[in-house]
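Have a look at the structure below, then the notes.
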Amino acid sequence: MMIGATGMQTIIFSALLMIVLGLLFSVMLLAASIKLKVETDPKVEQIHAVLPNVDCGACGFAGCASYAKAVAQDPSLIGRCSPGGAATAAKIAAVLNLQISEGGAPKRPIIHCRACQQDKTYYGEYRGIIGCTSANAQPIVQACAFGCLGFGGCVRRCRFNALHIIDGLAVVDYDKCTGCGACVAGCPRGLIEMVPFTQEPMMVVACSSKENGRMTRAMCSVGCIGCGLCAKQTDVFTVKDNLARVDYARYQPTEAAEAARQKCPTKAIVFRGKGAPADEKVSKTAAGAPAAS
Amino acid sequence: MRRKAFKGGVHPPENKHFTEFCPIEPVPVPQQIVLPLVQHIGAPCQPIVQKKEKVEYAQCVGKADAYVSAAIHSPVYGTVKDIALASHPVIGRTMAVYLEPLPANNPPRQPTAGQFSSAFEPADYSPEQICTAIQEAGLVGMGGAGFPTRVKIEPNPAMPKHTLIINGCECEPYITCDYRVMLEWTWQVLAGVRLAAHASGCRTIRIGIEDNKPTAVEAFEEAISQSCPDEDIQVVVVKTKYPQGGERQLIKSVLGEQVPTGGIPPQIGICVLNVATCAAIAEAVVFKQPLTHRVVTVTGRAIARPGNYYVPIGMSVKDLIDHCGGLTEQAAKVVLGGPMMGFAIADLSTPLTKTTGALTILTREDVTEPKYALQQTACIRCGRCLMSCPEGLNPTRIAHAVKHFRMEQAEQYYLSACIECGCCSYVCPAHIELAGYIKTGKLLKAREKKRLA
Numbered sequence: 001m002m003i004g005a006t007g008m009q010t011i012i013f014s015a016l017l018m019i020v021l022g023l024l025f026s027v028m029l030l031a032a033s034i035k036l037k038v039e040t041d042p043k044v045e046q047i048h049a050v051l052p053n054v055d056c057g058a059c060g061f062a063g064c065a066s067y068a069k070a071v072a073q074d075p076s077l078i079g080r081c082s083p084g085g086a087a088t089a090a091k092i093a094a095v096l097n098l099q100i101s102e103g104g105a106p107k108r109p110i111i112h113c114r115a116c117q118q119d120k121t122y123y124g125e126y127r128g129i130i131g132c133t134s135a136n137a138q139p140i141v142q143a144c145a146f147g148c149l150g151f152g153g154c155v156r157r158c159r160f161n162a163l164h165i166i167d168g169l170a171v172v173d174y175d176k177c178t179g180c181g182a183c184v185a186g187c188p189r190g191l192i193e194m195v196p197f198t199q200e201p202m203m204v205v206a207c208s209s210k211e212n213g214r215m216t217r218a219m220c221s222v223g224c225i226g227c228g229l230c231a232k233q234t235d236v237f238t239v240k241d242n243l244a245r246v247d248y249a250r251y252q253p254t255e256a257a258e259a260a261r262q263k264c265p266t267k268a269i270v271f272r273g274k275g276a277p278a279d280e281k282v283s284k285t286a287a288g289a290p291a292a293s
Numbered sequence: 294m295r296r297k298a299f300k301g302g303v304h305p306p307e308n309k310h311f312t313e314f315c316p317i318e319p320v321p322v323p324q325q326i327v328l329p330l331v332q333h334i335g336a337p338c339q340p341i342v343q344k345k346e347k348v349e350y351a352q353c354v355g356k357a358d359a360y361v362s363a364a365i366h367s368p369v370y371g372t373v374k375d376i377a378l379a380s381h382p383v384i385g386r387t388m389a390v391y392l393e394p395l396p397a398n399n400p401p402r403q404p405t406a407g408q409f410s411s412a413f414e415p416a417d418y419s420p421e422q423i424c425t426a427i428q429e430a431g432l433v434g435m436g437g438a439g440f441p442t443r444v445k446i447e448p449n450p451a452m453p454k455h456t457l458i459i460n461g462c463e464c465e466p467y468i469t470c471d472y473r474v475m476l477e478w479t480w481q482v483l484a485g486v487r488l489a490a491h492a493s494g495c496r497t498i499r500i501g502i503e504d505n506k507p508t509a510v511e512a513f514e515e516a517i518s519q520s521c522p523d524e525d526i527q528v529v530v531v532k533t534k535y536p537q538g539g540e541r542q543l544i545k546s547v548l549g550e551q552v553p554t555g556g557i558p559p560q561i562g563i564c565v566l567n568v569a570t571c572a573a574i575a576e577a578v579v580f581k582q583p584l585t586h587r588v589v590t591v592t593g594r595a596i597a598r599p600g601n602y603y604v605p606i607g608m609s610v611k612d613l614i615d616h617c618g619g620l621t622e623q624a625a626k627v628v629l630g631g632p633m634m635g636f637a638i639a640d641l642s643t644p645l646t647k648t649t650g651a652l653t654i655l656t657r658e659d660v661t662e663p664k665y666a667l668q669q670t671a672c673i674r675c676g677r678c679l680m681s682c683p684e685g686l687n688p689t690r691i692a693h694a695v696k697h698f699r700m701e702q703a704e705q706y707y708l709s710a711c712i713e714c715g716c717c718s719y720v721c722p723a724h725i726e727l728a729g730y731i732k733t734g735k736l737l738k739a740r741e742k743k744r745l746a
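Written out as structure tokens, the structure is:
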């Protein structure tokens with residue numbers, strides 16, 4: 001390929017022009033960056049770097065970036081990041097040169113129902129919208145007005161794939177759960193409670209039925225019938241409105257608690273949390289549920 | 294001739310032939326009466342009887358002090374067996390008074406319709422007297438909503454009423470209870486209409502009847518010409534279309550007036566009453582009979598003896614079905630009310646309430662039409678729901694906003710203006726349960742409001 005002298009000149013001229021222009025603009029940019037510099041807090045960026053960057057919103061801010069900004073301004077917000085937990089709080093504290101005391105036990109959700117498909121009683125066949133809120137408005141959907149509907153309103157809210165509907169019941173995968181609490185709003189029946197896990201695993205009452213014992217038995221083979229056997233074993237359990245509750249702050253894996261769990265006639269007291277054993281199976285006839293007429 | 298109508302609506306198969314020609318028939322007193330303490334819109338009643346107490350016929354068993362409420366009376370002479378929870382078709386479970394009738398003293402109550410004639414004169418009663426009688430009788434709108442009638446009728450200086458519209462449309466498929474009331478109790482209904490007009494101060498009365506009930510139209514025209522030809526009472530024949538019997542739609546059809554969005558008819562000086570309510574008004578004012586019985590249509594392909602029955606309120610669905618010869622083998626779904634707006638129930642011990650106009654029993658074939666959410670597909674933007682919506686809303690937009698929890702957006706599309714008639718779900722070719730989503734949205738909104746309060 002031949003390039004004439006004029007052609008060569010043009011190339012050299014263009015290249016030089018480009019170099020000169022480039023230098024000129026870089027000087028302008030340099031001047032602008034010095035003159036129009038925006039003061040940013042390097043801490044914000046450092047904090048942002050230690051956050052989990054999942055933008056779950058559990059802290060109450062729009063996302064990790066806005067939380068980083070807020071926490072740099074107001075260090076009292078330090079423990080708000082539940083996916084990160086104590087580790088992230090410590091990292092943020094290190095960035096901010098603060099000493100933080102050990103926070104309380106991490107809060108994680110428990111679902112106050114353990115009735116799978118075969119434990120529940122259905123009077124009719126629900127054919128409405130597949131969604132918890134819609135189904136909850138239809139008394140026909142299932143006999144128990146307190147039990148898990150199993151349409152996965154909470155599952156849809158979970159950003160960590162830590163909730164699943166297994167056999168008609170929402171089940172938390174505690175290895176994946178970060179305790180952000182987004183699922184709580186997804187349950188129209190208010191079955192999900194954020195509980196401080198002082199022990200791992202924890203004993204909880206997996207029922208929220210406030211019906212009397214006879215009604216609960218008629219509708220569910222694993223519901224709490226409010227018999228009070230557990231409360232007789234240890235005062236960690238209390239019964240109110242036909243429903244047993246655990247005092248989570250005072251729970252210890254003692255023999256008395258274990259005895260209470262064993263004594264529960266419908267096995268409504270179960271373990272939840274990391275390393276929890278699988279729920280005991282209860283056959284419907286053993287629980288003495290009369291057939292629905 | 295073009296009949297008067299509103300915009301939108303649908304034409305579901307009428308299916309009125311099952312019970313259209315069945316005269317109203319009183320049923321014997323059942324073994325048990327369950328009176329739920331919530332049978333109306335407004336404050337729930339408190340029981341005012343004790344367990345084991347003897348209750349006279351027509352004795353008040355529950356009432357509330359609030360203005361918007363309606364007392365509940367016993368339809369029988371008997372004993373209070375219990376005050377406990379009972380199934381309720383709409384709200385699941387509610388407190389109820391369980392009564393055990395004493396059969397010896399309980400002949401079934403007979404309708405009083407035969408005692409009204411063209412000689413009836415509403416001016417014999419003062420407006421205050423009428424309002425008090427209506428309140429004492431615990432009357433509520435018997436078309437379905439159950440709004441206390443006294444609150445509707447009583448003159449309100451802030452919103453003076455000039456026109457009374459009587460709703461004789463009965464646009465729901467299957468149901469014929471209002472039609473039979475219009476045919477058989479014409480004089481009683483007319484007496485009630487005139488009493489209501491007298492009490493509320495309305496000078497103009499329009500009786501809206503759909504054009505598929507020409508006999509009812511004739512009956513009323515004749516009754517009016519015989520008893521009160523000089524009053525401003527007219528029968529207006531409207532087009533047969535669902536939901537013609539909706540309050541706002543009927544006003545639009547009869548008077549051509551539009552009730553403002555989010556507003557109520559009294560704002561434009563109109564009061565709408567159902568024909569069955571009018572019959573009850575006449576009974577309450579003239580004979581001091583509380584609302585303890587009503588006409589219920591038992592219908593559908595899966596019932597042995599369909600018909601129109603005069604039943605005590607509080608009778609269980611099961612007792613009524615047994616009286617009608619029981620369910621046939623194909624029975625698959627029991628609906629309190631009609632198929633468009635009724636509530637499917639699972640518990641046959643559910644009692645009938647003041648607002649239950651019908652018991653529709655559908656067969657497996659009826660309900661396995663592919664019209665439910667399990668087979669719903671994506672919205673194809675055909676716009677049929679917009680064309681059918683009698684309120685001129687955009688159901689698909691509202692439903693999708695609700696589905697994704699965008700409540701502000703749903704509100705911008707006038708979520709709360711929906712009358713829940715179900716036309717949009719009925720026409721949707723993608724089988725989307727639009728009305729169901731909109732109802733869910735209203736629930737979510739109510740929950741949000743409660744949370745903020």
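These protein sequences, in sequence, are chains A and B.
Take my numbering: the last position of the first sequence gets the number 293, and nothing is skipped along the way.
Take my numbering: the last position of the second sequence gets the number 746, and nothing is skipped along the way.
Heads up, the beta-carbon is just placed ideally off N, CA and C, and yes, glycines get one too.
Just so we're clear, the structure is a prediction, and the values are computed from it rather than from any experiment.
Candidates the options, of which the one nearest residue i by Cα
| i | options | result |
| --- | --- | --- |
| residue 323(B) | 385(B), 452(B) and 608(B) | 608(B) |
| residue 562(B) | 537(B), 445(B) and 415(B) | 445(B) |
| residue 311(B) | 697(B), 595(B), 637(B) and 685(B) | 595(B) |
| residue 348(B) | 549(B), 358(B) and 365(B) | 365(B) |
| residue 395(B) | 405(B), 350(B), 418(B) and 375(B) | 350(B) |
Cutoff 8 Å: residue i Cβ touching any chain A Cβ
| i | result |
| --- | --- |
| residue 612(B) | no |
| residue 637(B) | yes |
| residue 666(B) | Unreliable placement is indicated for residue 666(B), whose pLDDT of 46 sits below 50; no coordinate value is reported for it. |
| residue 640(B) | yes |
| residue 386(B) | yes |
| residue 621(B) | no |
| residue 743(B) | no |
| residue 729(B) | yes |
| residue 732(B) | yes |
Coarse secondary structure for residue i, derived from DSSP in three states
| i | result |
| --- | --- |
| residue 727(B) | helix |
| residue 653(B) | strand |
| residue 371(B) | strand |
| residue 666(B) | For residue 666(B), the predicted structure reports a pLDDT of 46, less than 50, and the residue's modelled location is therefore unreliable. The matter cannot be settled from this model. |
| residue 164(A) | strand |
| residue 333(B) | coil |
| residue 584(B) | coil |
| residue 386(B) | strand |
| residue 753(B) | Outside the modelled stretch of chain B, which goes from 294 to 746, sits residue 753(B), for which no answer is possible. |
| residue 609(B) | strand |
| residue 75(A) | helix |
| residue 377(B) | strand |
| residue 392(B) | strand |
Residue-level contact to chain B via CB, residue i, 8 Å cutoff
| i | result |
| --- | --- |
| residue 248(A) | no |
| residue 78(A) | no |
| residue 153(A) | no |
| residue 182(A) | no |
| residue 93(A) | no |
| residue 134(A) | yes |
| residue 124(A) | yes |
| residue 129(A) | yes |
Bounding residues of the beta strand (DSSP E) (the contiguous stretch that carries residue i)
| i | result |
| --- | --- |
| residue 237(A) | 237-240 |
| residue 170(A) | 169-172 |
| residue 802(B) | Chain B is shown only over 294 to 746; residue 802(B) falls outside these bounds and no answer can be derived. |
| residue 497(B) | 497-503 |
Where the alpha helix (DSSP H) through residue i begins and ends
| i | result |
| --- | --- |
| residue 6(A) | 5-35 |
| residue 427(B) | 420-429 |
| residue 434(B) | Note, residue 434(B): premise wrong, no alpha helix (DSSP H); not H, not E. |
| residue 508(B) | 507-520 |
| residue 704(B) | 700-705 |
Check: residue i C-beta below 7 Å from any heavy atom of the ligand MG
| i | result |
| --- | --- |
| residue 715(B) | As presented, the structure is devoid of all ligands, the ligand MG included, so that no description of it is given. |
Unbroken beta strand (DSSP E) runs of length 3 or more, entirely within the segment 443-493 of chain B: which are they?
456-461
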